[in-house]
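**Student:**
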Amino acid sequence: ASMTFSQAVTQISDVLSEGVSKFTLFVVTMKQKNQPAPPSLANAVDVICNQASQLSNLANTLANGYSDYPSIQGKILSESAGLDSAQKNLSSTCQSLSGNAGSNELANSWERLSSSCRSIANAIIALLEILFRVEVERIYATNEKLQTAVNSAVSFPAAQIEANQQKFADLASDSASYANHLAQFLNMRAQSEESPSHKAELQQAAQTLLQSAQEIVNKANDCMDEPSDTQRVQDFGQLNRNAGATANEIIERIRDVEAQRNFARVPSAEMPQAPTTERVDPMQMEAPASPTPQKVTQVNTPPPQKSQPAQQTRNPAPVRESGGSRGQYKPAQNRPSQQRAGAPARRQAPQAKATDMNQIVDMAKDLANNNQGKELTGAATDLHAEIEKLAIAAAEGNGAMLLQCARNVANITNKFAKDVRGASAGCTNAKAKENIMQDTRCLTDLCTQLKIMASVKASLCDSNTKMNKDEQLIFLTNNLIKTWKQTGDHLQVADLLK
């Protein structure tokens, strides 16, 4: 089977995180020793730059499908260009590396190369954040277009339908078209959604919206045939409100799911953080094209004047605070929307956050103590040992040790996730198995981020720069340990924890 866009991005980001973290570890170590670079250094840089180019090329391809969403498209292209610039800078800095062992010239060269490693790691993080959210941002933006169109169609005065049939047809076509577009984007997202329950929610909402779009078209034509029939006009308004309600309900479900797949930013001491992906302002979007016939046209496919979206746009976001069971989506049944467009998802009650790596060590210790001797989760003992060394390195400002421990944590976790997936292959509890699969995906996503983020931190570490209170390091390791624990809980439910 051909690889989806999200699978390609995930594969390249996994390889990049390994390559960049391994190379940065070498650079940080050589900077500490202030030794000349080996002949193989240039080849190692070329490999990383080629992988970075593959990621930016994928991003540019994706951006072609977002011409109707210029704000989103601009962010993709901007971050892609940033990665291109960072990889070119890394290559040129490597070529200029010079100086004798122990010299100030060589020390400065290693410092510049370390800074280039930090820049490319930050650029990878920035682009991945966009790619992992771009599809839901388009869905949110399309819903805002739909809600605007629905409100306009519903508020059109019934007494003016006969005298202004073209205007009425335009408004009906807009709401039907945006319902159709949203349904298409939901189906595209469902194609590679790993969660069976959420996949079903997306598909069900898409089917309901497609049906609503056609019903709106049919009822609008009925209204123009008999403008004085108030019941037809009322039915037309209700169909529009139903479409808006269905859209808002699935949007709320997506926000609930995405809240558990939140990508942690990795700031750079040298570069300002890129702005988080914002919802596109409906007032800044292109106005929908007006249909030419007086009768409302069919909308089984997008209007030809609207560009077709790229087909491979599944962008899983790699970090989730927690998994767990989710509520089931239910389509709206002949009732108006109770939530305004773009309303935020319901928030859980805030919990106390860890503020020091020593707190993370304590969490890892508790996890290890509670899982001693267990077949799968017993690996938490090794995790605790590496987390403890990671905390020491962060407190001492030892960049090389910090990055090595982060890589070790990732290796232990990836093996744990692989073992868990294997153990759950024959699980007959469908919901428990789904939760376990979500957990393991979360773990591997966290590992990818941890290696890239630790590369940034390692390049900044020294005796005067400590990382034991660093928010990003604490955030990722905290989520990692929580997900280990949650995985164990789900294994217990599935009767797989021995």
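Letter 352 of the sequence shown, counting from 1, is numbered 352 in the UniProt record's numbering, and no numbers are missing. Yeah, the Cβ is synthetic: ideal placement off N, Cα and C, and Gly gets one too. Note that the structure is predicted; figures quoted are calculated from it, not measured.
In angstroms, rounded to a whole number, what distance separates the CA positions of R241 and D256?
**Tutor:** Taking the straight line joining both Cα atoms gives about 23 Å.
**Student:** Can you tell me whether A159 is buried or exposed, with buried defined as 16 or more other CB within 10 angstroms of its CB?
**Tutor:** Its Cβ having fewer than 16 others within 10 Å, A159 is exposed.
**Student:** If we ignore side chains and look at the alpha-carbon of each, how far apart do I139 and A179 end up?
**Tutor:** Using only the alpha carbons, I get a separation of about 11 Å.
**Student:** Return the CA-CA distance between Q338 and A245, expressed in angstroms with no decimal places.
**Tutor:** Residue confidence is low: Q338 scores 37 on pLDDT, short of 50, so the model does not pin down where it sits. No coordinate-derived value is stated.
**Student:** Starting from the Cα of N187, find the closest Cα among E375, I254 and Q207 and give me that residue.
**Tutor:** Ranking the options by Cα distance to N187, first place goes to Q207.
**Student:** Check the DSSP bridge columns for T465 and list the partner residues they point to.
**Tutor:** Note: T465 sits in a beta bridge opposite D462.
**Student:** Three-state secondary structure (DSSP) at G327?
**Tutor:** With a pLDDT of 34 at G327, under the threshold of 50, the predicted position of this residue should be treated as unreliable, though the coordinate-derived value follows. In this structure, G327 counts as coil in the three-state DSSP scheme.
**Student:** Evaluate the contact criterion for the region 416-423 versus the region 391-408: three or more CB pairs, one atom per stretch, below 8 Å.
**Tutor:** No, they do not touch.
**Student:** Would you mind sorting A107 into buried or exposed? The rule is 16 or more other CB atoms within 10 Å of its CB.
**Tutor:** Result: exposed.
**Student:** Determine the burial state of K163: buried for a count of at least 16 other Cβ atoms within 10 Å of its Cβ, exposed for fewer.
**Tutor:** Checking the sequence shown, residue 163 turns out to be Ala, not Lys. The residue is exposed, with fewer than 16 neighbouring Cβ atoms inside 10 Å.
**Student:** Is it buried or exposed for V28, if we count other Cβ within 10 angstroms and need 16 for buried?
**Tutor:** That one is buried.
**Student:** Does DSSP put T448 in a helix, in a strand, or in coil?
**Tutor:** Three-state result, T448: helix.
**Student:** Can the beta-carbon of residue 499 be found closer than 9 Å to that of L77?
**Tutor:** Look at the range of the chain in this structure, 1 to 498, and you will see that residue 499 is not part of it.
**Student:** Measuring only the C-alpha atoms, how far is T355 from A247?
**Tutor:** The straight-line gap from Cα to Cα measures roughly 39 Å.
**Student:** Would you mind listing the beta strand (DSSP E) stretches within the region 158-190 that are 3+ residues and don't spill past its ends, in chain order?
**Tutor:** Fully enclosed beta strand (DSSP E) runs of 3 or longer: not present.
**Student:** Under 9 Å, do S85 and A123 count as touching if we go by C-beta distance?
**Tutor:** Closer than 9 Å, so yes.
**Student:** How many angstroms separate the CA atom of Q165 from the CA atom of Y69?
**Tutor:** About 30 Å.
**Student:** On a CA-only basis, which of F416, M453 and A176 is nearest T142? Give me that one, please.
**Tutor:** When each option's Cα is compared against that of T142, the closest is A176.
**Student:** Among the residues of its own chain, which have a CB less than 7 Å from the CB of K451, if the five just before and after it don't count?
**Tutor:** Excluding residues within five positions, the ones whose Cβ falls inside 7 Å are S17, E18, S21, A406, R407 and A410.
**Student:** Which same chain residues end up closer than 7 Å to K485 when comparing Cβ atoms and leaving out the 5 residues on each side of it in sequence?
**Tutor:** Closer than 7 Å at the Cβ level, and outside the excluded window around K485, lie L367.
**Student:** So, helix, strand or coil for C427, using DSSP?
**Tutor:** If DSSP states are grouped into helix, strand and coil, C427 belongs with coil.
**Student:** Can the beta-carbon of L402 be found closer than 9 Å to that of A454?
**Tutor:** For L402 and A454, yes; Cβs fall inside 9 Å.
**Student:** Might you give, ordered along the chain, the residues of its own chain that have their beta carbon closer than 6 Å to the beta carbon of Q492, omitting 5 neighbours on each side?
**Tutor:** Result list for Q492: empty, nothing under 6 Å.
**Student:** Between D235 and K219, how many whole angstroms is the CB-CB distance? I'm expecting something under 8 Å.
**Tutor:** Contact flag correct, Cβ pair sits at about 6 Å.
**Student:** Roughly how many angstroms separate the alpha carbons of G426 and E434, rounded to a whole number?
**Tutor:** Their Cα atoms are separated by approximately 12 Å.
**Student:** Judging by CA-CA distance, which residue of A243, S155 and K469 is the nearest neighbour of Q204?
**Tutor:** The shortest Cα separation from Q204 among A243, S155 and K469 belongs to A243.
**Student:** Pop quiz: A400 and Q35 are said to be a contact at Cβ under 8 Å. What is the actual Cβ separation, rounded to whole angstroms?
**Tutor:** With a Cβ gap of about 13 Å, A400 and Q35 do not count as contacting.
**Student:** Using the beta-carbon count (16 or more within 10 Å), is D439 buried or exposed?
**Tutor:** The residue in question, D439, is buried, as its Cβ has 16 or more Cβ neighbours within 10 Å.
**Student:** Alpha carbon to alpha carbon, how far is A343 from I254?
**Tutor:** Residue placement at A343 is flagged as unreliable, the pLDDT there being 36, under the threshold of 50; the coordinate-derived value follows with that caveat. Taking the straight line from one Cα to the other gives about 12 Å.
**Student:** Please state the DSSP three-state secondary structure of D229.
**Tutor:** Here D229 sits in coil by DSSP.
**Student:** Please name the residue in A63, L55, G74 and L113 whose C-alpha comes closest to that of A44.
**Tutor:** For the residues A63, L55, G74 and L113, the minimum Cα distance to A44 belongs to L113.
**Student:** I think L171 touches A153, with their Cβ atoms under 8 Å apart; what is that distance to the nearest whole Å?
**Tutor:** Confirmed, Cβ separation roughly 4 Å.
**Student:** Please check the pair S109 and C49, which I expect to be a contact at CB under 8 Å, by giving their CB distance rounded to whole angstroms.
**Tutor:** Actually they do not touch by this definition, with Cβ atoms about 18 Å apart.
**Student:** Taking just the CA atoms, how far does M437 sit from A494?
**Tutor:** Taking the straight line joining both Cα atoms gives about 12 Å.
**Student:** Please work out which residues of its chain come closer than 8 Å, Cβ to Cβ, to Q471, disregarding the five sequence neighbours upstream and downstream, and give them in chain order.
**Tutor:** A quick correction: the sequence has Glu, not Gln, at residue 471. Contacts found: none.
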